[in-house]
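Undergrad:
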Amino acid sequence: MLIDTGSADTWIGNKDCKNCRVTLSSDDSSTFKLGTKNFDITYGLGYAAMTSATDKFGIAGMFVDQFDFGSAHTVDDQFANPATPFVGILGTAQGVLTAQGVRNLPERLMDTGVIPNAVVAYALGRVADGENTGQLTIGGYDAGKMNAATTQILDVADKSGFWNTRMGAVMVDGDVAVQEGRVVILDTGTTLMYLPPADADAIHLLIEGAAP
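In the UniProt record's numbering, the protein residues as written are 1 to 212.
#1: Could you pull the start and end residues of the alpha helix (DSSP H) that Ala202 belongs to?
#2: Would DSSP call Phe79 helix, strand or coil?
#3: Measuring straight from C-alpha to C-alpha, what distance separates residue 213 and Tyr122?
#4: For Leu154, does the count of other Cβ atoms within 10 angstroms reach 16, so buried, or fall short, so exposed?
#5: Three or more C-beta pairs closer than 8 Å, one from the region 30-48 and one from the region 67-84: is that the case here?
#6: For the pair the region 160-172 and the region 121-140, tell me if three or more CB-CB distances fall below 8 Å.
#7: Going by DSSP, what residues sit across from Phe69 in a beta bridge?
#8: Please report the straight-line C-alpha distance between Asn147 and Leu186, rounded to a whole angstrom.
#9: With a threshold of 6 Å on Cβ separation, who are the neighbours of Thr133 within its own chain once the five nearest residues in sequence on each side are excluded?
#10: Please give me, in chain order, every unbroken run of the beta strand (DSSP E) with length at least 3 that falls completely inside the region 76-139.
#11: Taking the alpha-carbon of Pro116 as reference, which of Met62, Gln179, Gly144 and Gly44 has the nearest alpha-carbon?
#12: Does the Cβ of Thr151 have 16 or more other Cβ atoms within 10 Å, making it buried, or fewer, making it exposed?
#13: Check this for me: beta carbons of Gly88 and Met193, under 8 Å apart or not?
#14: So what does DSSP say about Lys145, is it helix, strand or coil?
#15: Strictly by DSSP, which residues pair up with Val64?
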């Protein structure tokens, strides 16, 4: 599953999904229960339509009974593509963003006393390095993955439910391309950068040889 800070819902394919590569149903789990609420989620790239469901959910030895998630009956080609390296989403944005209006996994783990705080920390490696050094910490953070000299604490910009913050500026070789005032979302679910066309143009104007 893709662990996504840019969304709050968790979902996996249903057995009736014709193009889902991995599915979960009562055939696989005695505690799986399909609900009655239908909803869909559209991502920057990708779409899934699903029905509410509950089951016992476990990750890294931590478990939640009757965890609310989506059982997808339709997914688009982005999720069905065998080259896509995941078969569902585990959303870790704030629960207020869930399409079902339910508590998400970190919040449920906190509610049941499994973790002290609904905190999720990410240490991201680089594919170019060829090393599998990424790490997910639920309920806290790993100080060993941090550099105190460069660590910054950024306030969340608003109560929308996204992990977002106010940006100082965008600079290219010391020249300011975009002034402060922008709010940016920190999203582990994509490697793409989405920004207004005017801001993209301003950045590219300062990159030698860049073309629109």
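All C-beta atoms in this analysis are idealised placements derived from N, C-alpha and C, irrespective of residue type, glycine included. Please read all numbers here as calculations on a predicted model, not as lab measurements.
TA: Taking the geometry as given:
#1: Pro197 to Leu205
#2: helix
#3: The structure shown does not extend to residue 213, since the chain is modelled only from 1 through 212, so no value can be given for it.
#4: exposed
#5: Three or more pairs of CB atoms, one per stretch, sit closer than 8 Å, so the region 30-48 contacts the region 67-84.
#6: no
#7: Phe69 is bridged to Ala53.
#8: The straight-line gap from Cα to Cα measures roughly 19 Å.
#9: Gly125
#10: Here the runs fully enclosed are 88-91, 120-123 and 135-138.
#11: Between Pro116 and the set Met62, Gln179, Gly144 and Gly44, the nearest pair of CA atoms involves Met62.
#12: Under a 10 Å Cβ-count criterion, Thr151 is classified as exposed, with fewer than 16 other Cβ atoms of the shown protein chains found around its own Cβ.
#13: no
#14: helix
#15: Residue pairing by DSSP puts Val64 in a beta bridge opposite Phe57.
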